[in-house]
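**Q** Under the UniProt record's numbering, the first residue of the sequence shown carries the number 1, and numbering increases by one thereafter.
A single structure is presented below for examination.
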Amino acid sequence: MTSLTTATGPTGSGVPVVNEVVGAPGGVGEAARTARADAFDAWLRRLLPARPGVALVAVGGLGRRQCAPYGDLDLVLLHAGVAGVDELAASLWYPIWDAGLRLDHSVRTVAEALSVAQDDVKVALGLLDARHVAGDPALTDQLARTATDHWRRTAIRQLPGLREITAARWEAHGELAFLLEGDLKEAAGGLRDVGILRAIATAGVTDALRPAVHAAHRRLLDTRDALHQQVGRRVDRLLAQERDGVAAQLMLDEGDALLRLVAGDARTVGHALDDAWRAADRLRSGRHRAAPGRPLRRPVAKDVVEQDGELVLARTAIGARPDPSLSLRIAAAAATTRLPIARATCEWLAAYCPPLPTPWPPAARAALTTLLGAGPGLVPAWETCDRYGLIDGWLPEWTRLRSLPQHNPVHRFTLDRHLVQTAYEASRHTRDVDRPDLLLLGAFLHDIGKGLPGDHSTVGAPLAEAVATRIGLPPAEAALIGTLVRLHLLLPDVATRRDLSDPKTIAGVAERVGDTATLELLHALVRADAAATGPAAWSSWKGRLIADLVTRVRTTLDTGVVPAPPAPDPALVAGPLPVVHLGEDRVAVAAADRRGLLATVAGCLALHRLEVISADAATVDGRALVECRVQPRYGLAPDPIALGADLRRAVGGDVSVIQRLRGRALAARSQGAAPRVVWHREAATDAVLLELRAADAAGLLYRVTCALDEAGAQVRAARISTLGGDVVDAFYLVGGWPAAEHRARIEAAVLAAV
1 MTSLTTATGP TGSGVPVVNE VVGAPGGVGE AARTARADAF DAWLRRLLPA
51 RPGVALVAVG GLGRRQCAPY GDLDLVLLHA GVAGVDELAA SLWYPIWDAG
101 LRLDHSVRTV AEALSVAQDD VKVALGLLDA RHVAGDPALT DQLARTATDH
151 WRRTAIRQLP GLREITAARW EAHGELAFLL EGDLKEAAGG LRDVGILRAI
201 ATAGVTDALR PAVHAAHRRL LDTRDALHQQ VGRRVDRLLA QERDGVAAQL
251 MLDEGDALLR LVAGDARTVG HALDDAWRAA DRLRSGRHRA APGRPLRRPV
301 AKDVVEQDGE LVLARTAIGA RPDPSLSLRI AAAAATTRLP IARATCEWLA
351 AYCPPLPTPW PPAARAALTT LLGAGPGLVP AWETCDRYGL IDGWLPEWTR
401 LRSLPQHNPV HRFTLDRHLV QTAYEASRHT RDVDRPDLLL LGAFLHDIGK
451 GLPGDHSTVG APLAEAVATR IGLPPAEAAL IGTLVRLHLL LPDVATRRDL
501 SDPKTIAGVA ERVGDTATLE LLHALVRADA AATGPAAWSS WKGRLIADLV
551 TRVRTTLDTG VVPAPPAPDP ALVAGPLPVV HLGEDRVAVA AADRRGLLAT
601 VAGCLALHRL EVISADAATV DGRALVECRV QPRYGLAPDP IALGADLRRA
651 VGGDVSVIQR LRGRALAARS QGAAPRVVWH REAATDAVLL ELRAADAAGL
701 LYRVTCALDE AGAQVRAARI STLGGDVVDA FYLVGGWPAA EHRARIEAAV
751 LAAV
């Protein structure tokens, strides 16, 4: 894809041919888009010789006069059956390709174009944007008029298919309003959905687009213009690293402000399309009436009835003094029935439902629990209530949390959606805990401290406890909500960064958790949080580590006894050396005791593109034992025969293998923020803990363990925690607390190895 200002030619030479030939300007905004369309129109008219019975028609962005700085052309060469049309088309298309532009083209008669539109709803929508560029305008008028008439006659039949296509696209691209790196065109609430809104309005199913939708559409187009110019090519996904530059072009202070603006505009588009689909459903279904002029009403909950596929208030609920819990109760009904709340009902609730007292009445608290635990119906019901300002009335904190960006790369959602999504994921684990209501509330509030100065778990705990108190929980239960928020990262942090065989590790977690009920709540919350974060936040090995930690801590809480460390694998402590055992995710080696063995094993695993998750080293009767948990770095397991052979040679001192390890280690060095070393004196029973925080890189463990060995530090265990592009590696060093000079030497060696 190439620029309208400096396009790349077909050979990829990067010659600015488009600016010279087309004269299409760059820039951001409606005027720039129109100017680009005008320049293309003028250029294309020069390419098409005057000839009766032939017309050049623009669809897509050029048809709408919304050309982005980097984009393609969608053109139809329309003809009335004249001879030589293929040669004419070639004379038109080749100059476009020679200009380095990407072209989507077709050659058709009016009848052929309409025939394709009958079978392909996407083509039918495209023809609604048909605009005359050159040639015989009567042909273009005939196509545009007939295509629009055909769409109006058949839209109600074609809309279900269009909705299925749209749902599949949303499933693939997600919701733009909640994504940290969303696709401005294809994600739900993006530019593609505006086209669908226009098509539904053209069919007469809904009114013309509201001014708010037009404004949101213009801003999304401006954002895409700025993104194209920032990146220098056609791209629709707004990546985190581009946000600040795009924001600057749009005269915004920072990338976070841009993300909030895009989220608001995507919400506006998404809400309008929800309303449009609902109108189409009503029109298509032609629901039966109980009597002429009287809609059928079916009670679904106290004060809530279904009418025409939507939830509305019962007549008895509308009075001079409405129940303050009414908005929460209808939200809970919408989530559990998965029926939408009527717009008029939402507007009435926003205007007339009184604020909730403090503490909340039991009915409101029960409705919130039902809403949070409703599963798939939670997100759409919550979003509808947020659209009309009802959430701010329940939780004043929501104003700060709405569309708040998260800068950790493992996150896929903005903070508000992450909190709601975590509650949804927690609903899958309500049978695993004694208090499912506290699990749901803790999941919903677990990151409430984000966006404020300080550690979000520590900052968020009193905020969550205050919310729990406000909604009417007893003091002990409100305090437990605060504990869940404060400790919600405890289990994954300890499981991935600490030695679970160390009794001090288990005793420390047991002391902080306090009881098995809290432990089970934290375990369920961890799983829900990870699922709501994104694929990078969870893996089978992480799940096993956390489950192992929970089992050990539960035993300690139940019996008061910390489980003893596991004994070494008997197969490693007997038989001739070296011994190499390879499992699905485990590598175990026994060799003659010598310094640097752990580094050698780690390097050999890196050579075969295996990531080490954990490593343990011990000496038994003069033989060194190294056990590692591993996973393939790029998804493909190595050849076990080659891996085993290299391990045996490497631990036996084969120089050629060691040279390969060093060559690979020198090839990859980390970039980005400066690494940091943190010491923990009391974290382990018989060791000092050195924690390295650095950028992830292949072979990092090998380089660091080599550096530790050369600095005179002996490693008995290592735990590797990968967080997106960063790692937090913990090394257990035996031999007591090093002197200040020795610590400085160790630290310098480690940092130099990163």
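Beta carbons: idealized from backbone N, C-alpha and C, even for Gly.
By Cβ distance, which residues of its chain are closer than 8 Å to VAL213, with the 5 residues on each side in sequence left out?
**A** Here residue 213 refers to the residue found at position 213 when the sequence shown is read from its first residue. Only VAL194, LEU197, THR268, VAL269 and ALA272 meet the Cβ criterion.
**Q** When you compare only the Cα positions, how much space is there between ASP432 and ALA537?
**A** The count along the sequence shown starts at 1 and reaches residue 432 at position 432. The count along the sequence shown starts at 1 and reaches residue 537 at position 537. If I take the Cα positions, the gap works out to 21 Å.
**Q** Helix, strand or coil: which one does DSSP assign to ASP499?
**A** On the sequence shown, position 499 is the one that residue 499 refers to. Three-state result, ASP499: coil.
**Q** What separation, rounded to the nearest whole angstrom, lies between the Cα atoms of ALA606 and LEU692?
**A** Here residue 606 refers to the residue found at position 606 when the sequence shown is read from its first residue. Here residue 692 refers to the residue found at position 692 when the sequence shown is read from its first residue. Between ALA606 and LEU692, the C-alpha separation is close to 18 Å.
**Q** Identify which residue in GLY71, LEU75 and GLY53 has its Cα closest to the Cα of GLY63.
**A** Numbered from 1 along the sequence shown, position 63 holds the residue referred to as residue 63. It is LEU75.
**Q** Does GLN714 come out as helix, strand or coil in the three-state DSSP assignment?
**A** On the sequence shown, residue 714 is found 714 positions in, with the first residue counted as 1. Note: GLN714 maps to strand in three-state DSSP.
**Q** Can you grab the Cα-Cα spacing for the pair ARG619 / GLY451, in whole Å?
**A** One-based indexing of the sequence shown puts residue 619 at position 619. One-based indexing of the sequence shown puts residue 451 at position 451. Position check: residue 619 holds Thr in this sequence, whereas Arg was assumed. For THR619 and GLY451, the distance between alpha carbons rounds to 47 Å.
**Q** Hey, PRO303 and LEU313 are a contact pair by Cβ (cut 8 Å); roughly how many whole angstroms apart?
**A** The count along the sequence shown starts at 1 and reaches residue 303 at position 303. The count along the sequence shown starts at 1 and reaches residue 313 at position 313. Residue 303 is actually Asp in this sequence, not Pro. Indeed they touch by this definition, with Cβ atoms about 6 Å apart.
**Q** Expressed to the nearest angstrom, what Euclidean distance is found between the alpha-carbon atoms of GLU164 and GLU477?
**A** Residue 164 sits at position 164 when you count from the first residue of the sequence shown. Residue 477 sits at position 477 when you count from the first residue of the sequence shown. C-alpha separation (whole angstroms): 45 Å.
**Q** Going by DSSP, what residues sit across from GLY174 in a beta bridge?
**A** The residue you call residue 174 lines up with position 174 of the sequence shown. According to DSSP, which records beta bridges pairwise, GLY174 is partnered with nothing at all.
**Q** Just checking, does the stretch 703 to 721 make contact with the stretch 739 to 751 on the three C-beta pairs under 8 Å criterion?
**A** Taking 8 Å as the limit for Cβ pairs, the verdict is that the stretch 739 to 751 does touch the stretch 703 to 721.
**Q** How about ASP729: is its C-beta nearer than 8 Å to some C-beta of chain D?
**A** Looking at the structure shown, chain D is missing, and only one protein chain is on hand.
**Q** Less than 8 Å between the C-beta atoms of GLN230 and VAL246, yes or no?
**A** Within the sequence shown, residue 230 is the residue found at index 230, counting from 1. Within the sequence shown, residue 246 is the residue found at index 246, counting from 1. Yes, these two residues count as a Cβ contact at 8 Å.
**Q** Between which two residues does the alpha helix (DSSP H) carrying ALA248 extend?
**A** Translated into the one-based positions of the sequence shown, residue 248 becomes position 248. Unbroken alpha helix (DSSP H) run through ALA248: 240 to 249.
**Q** Looking only at its own chain, which residues have a Cβ that is under 8 Å from the Cβ of ARG343, when we skip the five neighbours before and after it?
**A** As a first step, residue 343 is located in the sequence shown; it is residue number 343 there, counting from the start. Same-chain partners within the cutoff: ASP275.
**Q** In whole angstroms, what separates the C-alpha of ALA602 from that of HIS608?
**A** On the sequence shown, residue 602 is found 602 positions in, with the first residue counted as 1. On the sequence shown, residue 608 is found 608 positions in, with the first residue counted as 1. Cα-Cα distance, rounded: 10 Å.
**Q** Taking just the CA atoms, how far does CYS346 sit from PRO340?
**A** Here residue 340 refers to the residue found at position 340 when the sequence shown is read from its first residue. Here residue 346 refers to the residue found at position 346 when the sequence shown is read from its first residue. Rounded to the nearest angstrom, the two C-alpha atoms are 10 Å apart.
**Q** Return the CA-CA distance between LEU250 and ALA507, expressed in angstroms with no decimal places.
**A** The count along the sequence shown starts at 1 and reaches residue 250 at position 250. The count along the sequence shown starts at 1 and reaches residue 507 at position 507. The alpha-carbon atoms of LEU250 and ALA507 are separated by roughly 54 Å.
**Q** With distances taken from CA atoms, which of ALA147, ALA317, ARG51 and SER327 is nearest THR384?
**A** The residue labelled residue 384 in the question sits at position 384 within the sequence shown. It is SER327 whose Cα lies nearest to the Cα of THR384.
**Q** Flag this pair as yes or no: are the beta carbons of LEU179 and ALA167 separated by less than 8 Å?
**A** What you label residue 179 is simply residue 179 of the sequence shown in a count that begins at 1. What you label residue 167 is simply residue 167 of the sequence shown in a count that begins at 1. Going by C-beta atoms, LEU179 is not nearer than 8 Å to ALA167.
**Q** Specify, as a first and last residue, the run of the beta strand (DSSP E) that SER614 falls within.
**A** The residue given as residue 614 occupies position 614 in the sequence shown. Note, SER614: beta strand (DSSP E), 610 to 620.
**Q** What whole-angstrom Cβ distance do ARG131 and VAL57 have, given they're in contact under 8 Å?
**A** By one-based count along the sequence shown, residue 131 stands at place 131. By one-based count along the sequence shown, residue 57 stands at place 57. So it is a contact: roughly 7 Å between Cβ atoms.
**Q** Is HIS742 helix, strand or coil when you go by DSSP?
**A** Within the sequence shown, residue 742 is the residue found at index 742, counting from 1. HIS742: helix per DSSP, three-state reduction.
**Q** Taking the beta strand (DSSP E) that CYS67 falls in, what are its first and last residues?
**A** Translated into the one-based positions of the sequence shown, residue 67 becomes position 67. Element bounds for CYS67: n/a, residue is neither H nor E.
**Q** State the DSSP-derived secondary structure class of VAL561, mapped to helix, strand or coil.
**A** Against the sequence shown, residue 561 aligns to sequence position 561. In the structure shown, VAL561 sits in coil (DSSP, three-state: anything other than H, G, I, E or B).
**Q** Do VAL494 and THR505 have their C-beta atoms closer together than 8 Å?
**A** Translated into the one-based positions of the sequence shown, residue 494 becomes position 494. Translated into the one-based positions of the sequence shown, residue 505 becomes position 505. Yes, the Cβ-Cβ distance between VAL494 and THR505 is below 8 Å.
**Q** Quick one: Cα of ILE720 to Cα of ASP265, how far?
**A** Locating residue 720 in the sequence shown gives position 720, counting from the first residue. Locating residue 265 in the sequence shown gives position 265, counting from the first residue. Roughly 41 Å separates the two Cα atoms.
**Q** So, are the CB atoms of VAL485 and ILE546 less than 8 Å apart?
**A** On the sequence shown, residue 485 is found 485 positions in, with the first residue counted as 1. On the sequence shown, residue 546 is found 546 positions in, with the first residue counted as 1. It is not a contact, given that the beta carbons lie outside the stated cut-off.
**Q** Going by alpha carbons, who is nearest to LEU311 out of ARG338, ILE318 and SER325?
**A** Taking the first residue of the sequence shown as position 1, residue 311 is located at position 311. Closest by alpha carbon: ARG338.
**Q** In this structure, what does DSSP give as the bridge partners for ASP183?
**A** For this step, residue 183 is matched to residue 183 along the sequence shown. Looking at the DSSP assignment, ASP183 forms a beta bridge with ARG237.
**Q** Given GLY482, which residues of its chain have a CB within under 7 Å of its CB, disregarding the five upstream and five downstream residues?
**A** Translated into the one-based positions of the sequence shown, residue 482 becomes position 482. Closer than 7 Å at the Cβ level, and outside the excluded window around GLY482, lie ALA461, PRO462, ALA464 and GLU465.
**Q** Among VAL59, VAL589, LEU48 and ALA301, whose alpha-carbon lies nearest the alpha-carbon of GLY135?
**A** Taking the first residue of the sequence shown as position 1, residue 135 is located at position 135. It is LEU48 whose Cα lies nearest to the Cα of GLY135.
**Q** Just how far apart, CA to CA, sit LEU525 and LEU439?
**A** On the sequence shown, position 525 is the one that residue 525 refers to. On the sequence shown, position 439 is the one that residue 439 refers to. Cα to Cα, the separation comes out at about 7 Å.
**Q** According to DSSP, is PRO632 helix, strand or coil?
**A** Here residue 632 refers to the residue found at position 632 when the sequence shown is read from its first residue. Three-state result, PRO632: strand.
**Q** From which residue to which residue does the alpha helix (DSSP H) around ASP129 run?
**A** As a position in the sequence shown, residue 129 is number 129, starting the count at 1. Per DSSP, ASP129 belongs to no alpha helix (DSSP H) and is neither H nor E.
**Q** Which of helix, strand or coil does DSSP assign to residue 755?
**A** Nothing about residue 755 can be read from this structure; the chain reaches only from 1 to 754.
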